[in-house]
Amino acid sequence: MVNDRNIESTHTVSVKFWLRFVQFLLLSLTRVILGIGRFVNLFSFARSREVQPGKLAIESGIKGWELIEYQELYSSACEFLGKESVSKVVVEDRRKYLRTLRRSIRSATPTHYFYDPRTGSQNNWRGLWQSLRVAVVLQWHGVVPIAFLANLPERRWRIQCFIVTAHSGVTVTVMSPKRVRDAFPHRRLIGPSIMPISAQRIDHLRALREVQTKSLNARAIFSGSLYEPRTTILNGIRDNVRERGRELEILPRPHAGERVSNEEYWSRFLQAEIIVTTADQIAGHGIDDLGMPHLIYRYSEALSAGALLIAPVVPGIERYFIPGRDFVSFNSTDEAAAKICFYLENQEARLKISQ
C-alpha cells in the first residue's frame, strides 16, 4: 500500500513537471516569434501609428453577444471609456476568425483588444495555432491584448491566453493570481475579476425592485448551471433547510443546456430575497484541479439585483466584497442552511446587508 502511494505521488509530480515544461517551451517559442516580429516592425515596412487615446475592441460570437456578461461588459466599457472608444467584434464564423480580427483592427484601430479563447476554434491544436497568429497580428498592429480566462483550470484556454499575452498585455482571471502562480507561466495575471455590471443596469434593477409586488414569505433560491460538486452541495443545503422547516428553491439550467432569457434571469433575482451559490470549479477532462474556488458571475449579479447573497469566501474577494457586510459567507452545508433560515426569518438583519 505504501509503495502504491509512492508510485501515485511520483506520477502526480511527473505530470506537473511535464505540464510546466511544455508551458515553458510554448511560452519561450511564442516570445521568440514575437521578438522577431517586433524586430521586423522596427526595421521594415510595417506601418507606423500615432499615439492615440485608449480604444477598446471586444470580441465575441453571435451567441456570445446575447449573453448578459457580454452585454454588461460592453455597456460598462462604454460608460468608462465613452461609447466612441469601444467597438464590438462579432465573429460570425469561427473558420474566419482571423479574417474578422484583422478587419476589425483595420476599421476600428483599437489600442487594446479583449480576447476570449471561447470565441475562436475549440479544437486543441487549431486553437493553439490560432492563438499564436492572434498574438502576431496584435503585435504587428501595436494592439495590447487583454485576455479573459473565464475558467483558468481549463488547460486549453489557459495555454491560449498565455500565448496571446506572452509579449505584452494581461490575462484576467476569476481566480486569485497569488494562489495559481504555478499554473500560469508569466506574472501579468490579474484577478480575481468580478463580472462587470454597468451603472445603467444597476439603476434599472434598483427601480424594478422598488416597484415589484412584495411576497408575504421571503424566498431563498439558487439559479444557474448544475454540475459536480455543486449539485451535491446544493442538495445537501436544501435537505438541511427543509429539516429546519424552510425551503431553498433550486432553479437549474443543465450544464451546457439552454439558458433562460435575460429578462427571466434577472427576474429570478429580483423576486428572491436570498440568493445562494457555490463557487467550485467544474471537474472534467482537460481541466486541472487547482483546489480553490473562483469568483463566479453570481457575486456581481445577486448584489446588483439587491438580494442577500449567501456564498463561500473566494480568495481575493475582499478586494471587492467583505463577508458580513456585503454578503453572508458559509463553509459547510450545515452553516449555509442555518444562515439561510436565520435571514429568511429576520428581515431587519437581511436588509442591513442586502441594501
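Heads up: the sequence shown runs through residues 2 to 356, numbered per my numbering.
Glycine is no exception: its CB is placed at the ideal position from the N, C-alpha and C atoms.
Length of the line joining the Cα atoms of residue i and residue j
{"i": "SER199", "j": "GLY325", "result": "24 Å"}
{"i": "ARG243", "j": "LEU249", "result": "8 Å"}
{"i": "ARG320", "j": "ILE297", "result": "15 Å"}
{"i": "PRO316", "j": "LYS97", "result": "38 Å"}
{"i": "GLU346", "j": "LEU227", "result": "27 Å"}
{"i": "LYS353", "j": "LEU129", "result": "49 Å"}
{"i": "LEU209", "j": "GLY307", "result": "10 Å"}
{"i": "THR172", "j": "ILE191", "result": "6 Å"}
{"i": "ARG103", "j": "GLY246", "result": "59 Å"}
{"i": "GLN356", "j": "ASP327", "result": "9 Å"}
{"i": "PHE343", "j": "GLU349", "result": "11 Å"}
{"i": "GLY287", "j": "ALA151", "result": "15 Å"}
Within 7 Å, strictly: CB atoms of residue i and residue j
{"i": "PHE149", "j": "ASP183", "result": "no"}
{"i": "MET176", "j": "SER301", "result": "no"}
{"i": "LEU139", "j": "PRO146", "result": "yes"}
{"i": "SER122", "j": "ALA58", "result": "no"}
{"i": "ILE318", "j": "VAL329", "result": "no"}
{"i": "ARG220", "j": "ALA273", "result": "yes"}
{"i": "PHE270", "j": "ILE251", "result": "no"}
{"i": "TYR71", "j": "SER61", "result": "yes"}
{"i": "ARG351", "j": "LEU309", "result": "yes"}
{"i": "VAL181", "j": "LEU82", "result": "no"}
{"i": "VAL92", "j": "THR120", "result": "yes"}
Own chain residues within Cβ distance below 6 Å of residue i, not counting five before or after
{"i": "ILE234", "result": "THR279"}
{"i": "ARG299", "result": "THR278"}
{"i": "SER88", "result": "ALA58, ALA109"}
{"i": "TRP66", "result": "none"}
Where the beta strand (DSSP E) containing residue i begins and where it ends
{"i": "HIS113", "result": "113 to 116"}
{"i": "ILE106", "result": "Premise fails: ILE106 lies in the alpha helix (DSSP H), 98 to 109, not in any beta strand (DSSP E)."}
{"i": "THR233", "result": "No beta strand (DSSP E) holds THR233; the alpha helix (DSSP H) holding it covers 231 to 244."}
{"i": "LEU227", "result": "221 to 227"}
Contact set for residue i: own chain, Cβ-Cβ below 8 Å, skip 5 residues either direction
{"i": "LEU99", "result": "GLN131, ARG134, VAL135, VAL138"}
{"i": "ILE341", "result": "ALA221, ILE238, VAL242, ARG247, LEU249, ILE275, VAL277, ILE311"}
Start-to-end residues for the alpha helix (DSSP H) that takes in residue i
{"i": "LEU345", "result": "334 to 346"}
{"i": "TYR270", "result": "One point to set straight first is that residue 270 is Phe, not Tyr, in the sequence displayed. Element bounds for PHE270: 263 to 271."}
{"i": "GLY1", "result": "With the chain covering only 2 through 356, there is no way to say anything about residue 1."}
{"i": "GLY128", "result": "125 to 141"}
{"i": "PHE331", "result": "Careful: PHE331 lies outside any alpha helix (DSSP H) and carries neither H nor E."}
{"i": "LEU206", "result": "200 to 212"}
Any non-hydrogen atom of the ligand ATP within 6 Å of residue i CB
{"i": "VAL181", "result": "This structure does not include the ligand ATP; it has no bound ligands of any sort."}
Sequence-distant residues of the same chain with beta carbon closer than 7 Å to residue i, five excluded per side
{"i": "ASN125", "result": "ARG157"}
{"i": "THR425", "result": "Look at the range of the chain in this structure, 2 to 356, and you will see that residue 425 is not part of it."}
{"i": "LEU241", "result": "Per the sequence presented here, residue 241 reads as Asn, with Leu not at that position. Answer for ASN241: THR334, ASP335, ALA338, listed in chain order."}
Beta carbon proximity, residue i to chain D, threshold 7 Å
{"i": "SER194", "result": "No chain D appears in this structure, which consists of one protein chain only."}
Determine, using beta-carbon pairs with one atom in the segment 161 to 168 and one in the segment 265 to 272, whether at least three such pairs fall under 8 Å.
no
Per the contact definition of three or more C-beta pairs closer than 8 Å, is the segment 276 to 292 in contact with the segment 220 to 232?
yes
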